Structure formats: C-alpha cells, structure tokens
Amino acid sequence: KAEKAEKKAAKPKAEKPKAEKKPAPKEEDEDEEDAPAPAPKPKSKLDLLPPPSMKLDDWKRVYSNEDTRAVALPWLWEHFDAEGYSFWKVEYKYNDELTRLFMTNNLIGGFFNRLEAARKYAFGTLLTLGKDNDNMIWGYFIVRGKVVPEEVTDAPDYESFKWTAADHTDPSFRTEIEDAFAWDGNTIPREVYDGKIFK
Numbered sequence: 001k002a003e004k005a006e007k008k009a010a011k012p013k014a015e016k017p018k019a020e021k022k023p024a025p026k027e028e029d030e031d032e033e034d035a036p037a038p039a040p041k042p043k044s045k046l047d048l049l050p051p052p053s054m055k056l057d058d059w060k061r062v063y064s065n066e067d068t069r070a071v072a073l074p075w076l077w078e079h080f081d082a083e084g085y086s087f088w089k090v091e092y093k094y095n096d097e098l099t100r101l102f103m104t105n106n107l108i109g110g111f112f113n114r115l116e117a118a119r120k121y122a123f124g125t126l127l128t129l130g131k132d133n134d135n136m137i138w139g140y141f142i143v144r145g146k147v148v149p150e151e152v153t154d155a156p157d158y159e160s161f162k163w164t165a166a167d168h169t170d171p172s173f174r175t176e177i178e179d180a181f182a183w184d185g186n187t188i189p190r191e192v193y194d195g196k197i198f199k
C-alpha cells in the first residue's frame with residue numbers, strides 16, 4: 001500500500017513539469033505574432049490616398065461577369081470616381097519591330113506579368129492589332145490616382161510604352177475607352193487579332 005501511494009504521488013510530479021512547459025512557447029508565439037501588428041506600414045503611397053467611392057475590384061468583377069457594352073460600361077460611367085482614378089491610353093513605341101501576331105500578344109502577356117505589384121491599383125486591356133509583320137499594341141488603363149503609379153513605372157517594360165492621360169469626359173476619349181474595353185468599335189486603329197486584360 002505504501003508503494004502504491006508513492007507511485008501515485010510520483011506520477012503527478014512527473015506530469016507537472018510537462019504542464020508548465022506547454023504554455024511557455026505559446027506565450028512566446030503570442031509575442032511574436034503581436035510584434036509586427038502594432039505598426040503596419042502602407043505598402044504603397046496609393047494606400048494613403050482618400051478612399052475612392054468606386055472600388056476597383058467591383059469594376060473588375062462587373063467587367064468579368066457581365067456583358068461589356070450592355071452592363072459593364074454603363075456601370076463604369078455611373079460609378080467612376082474621377083478624384084480617385086485616372087484613364088491612360090497605352091501605345092507600344094516600337095511597333096515597327098513587331099513581327100508575328102502571336103509573339104506580339106505574348107509580349108503583352110510578359111508585360112502584364114511584370115505588373116504584378118500594380119494588380120491592386122490598375123485595370124487595363126491591351127490589344128494586338130493588324131497582321132503578321134505589320135501590327136501594333138494599343139489599349140487603355142484605369143489606374144489609382146492622378147499619375148501612373150510607381151507600381152507600373154517600376155516595371156522593366158514600362159518605358160517601351162507611351163502613356164497618355166485621357167479625359168473620360170471628352171467624347172472622343174470616352175468612345176475609345178469603351179471600344180478598347182469591348183475589343184470592338186470604330187475607334188480601334190486596326191483590326192483586332194487578340195489581346196489581354198490586366199485585372
């Protein structure tokens with residue numbers, strides 16, 4: 001009986017240190033988790049701008065899921081926040097160097113891949129126009145803010161494109177924007193072969 005009592009008493013003694021050790025790493029983990037939280041720094045200067053009335057993600061969702069001309073474009077003009085966003089016409093500077101149409105379209109894809117940092121702040125479409133050995137890149141972007149942000153200008157291929165601010169209240173620009181986003185229309189300079197959407 002005395003031996004059994006000693007064994008029973010010995011068990012909790014062995015278990016106690018284990019129970020004490022368990023909460024210790026949890027406290028350390030909590031400290032580690034809490035450490036970066038108090039001072040979150042904005043990842044972009046654009047995050048410091050006043051919140052826009054239009055959320056770019058909402059536009060991207062409408063554009064992706066609805067008919068472009070019947071629903072998406074009317075939605076854009078109804079909700080567009082001219083204080084929070086700007087339109088830019090984008091044209092490739094070296095069209096005379098372009099050869100096969102599929103290669104031109106791949107060039108657009110490569111440029112868009114390098115714009116990953118801008119995905120939260122931009123939407124655009126670039127079209128491959130023309131025919132083999134006689135083609136061009138043309139399109140429009142919406143960007144956060146009034147200037148082309150560094151998330152775009154820092155991309156390696158940025159300098160290969162001409163970016164022209166577009167006044168969406170000007171009927172000619174407005175029609176071009178609509179045609180570019182719809183991939184059809186009389187203002188598109190050449191016949192449309194293909195294109196890519198940055199969203």
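The numbering of the sequence shown is UniProt numbering, which starts it at 1 and goes up by one. Glycine included, each C-beta is placed from N, C-alpha and C at the ideal position. Here the structure is a predicted model, which means the values were calculated and not measured.
Taking F198 and L115 to be in contact with their CB atoms under 8 Å, please state how far apart those CB atoms are, rounded to whole angstroms. 6 Å
Considering Cα atoms alone, identify which of A182, L56, E178 is closest to K120. L56
Please list the segments of the alpha helix (DSSP H) lying wholly inside the stretch 90-147, counting only runs of 4 or more residues, in order along the chain. 101-113
For A122, the nearest candidate out of D132, K146, Y94 (CA to CA): K146
In this structure, how does DSSP classify A82 when only helix, strand and coil are distinguished? coil
So, residue 286 versus W59, is the Cβ gap smaller than 8 Å? Since the displayed the chain opens at 1 and closes at 199, residue 286 lies outside it and no answer follows.
Selected residue, minimal CA-CA separation from K93, among S86, F102, A82, I108: I108
What span of residues does the beta strand (DSSP E) with V192 cover, start to end? 192-198
Cβ shell of S160 (< 7 Å), same chain only, five flanking positions each side left out: Y92, K93, Y94
Selected residue, minimal CA-CA separation from G185, among N65, T99, A155, L127: L127
Can you pull the DSSP bridge partners for M70? Here residue 70 is Ala; the residue named in the question, Met, does not match the sequence. A70 is not bridged to any residue.
Do Y140 and V62 have their C-beta atoms within less than 8 Å of each other? no
Only counting the same chain, and skipping five residues up and downstream in sequence, which positions put a Cβ closer than 7 Å to that of A165? S86, W88
Taking the alpha helix (DSSP H) that residue 210 belongs to, which residues open and close that run? The displayed coordinates of the chain run from 1 to 199. Any statement about residue 210 would go beyond what the structure contains.
Which residue from E176, P156, H168, D194 puts its Cα closest to that of N135? D194
Classify L48 as buried or exposed, calling it buried when 16 or more other Cβ atoms lie within 10 Å of its own Cβ. exposed
Are the beta-carbon atoms of E78 and A117 separated by less than 8 Å? no
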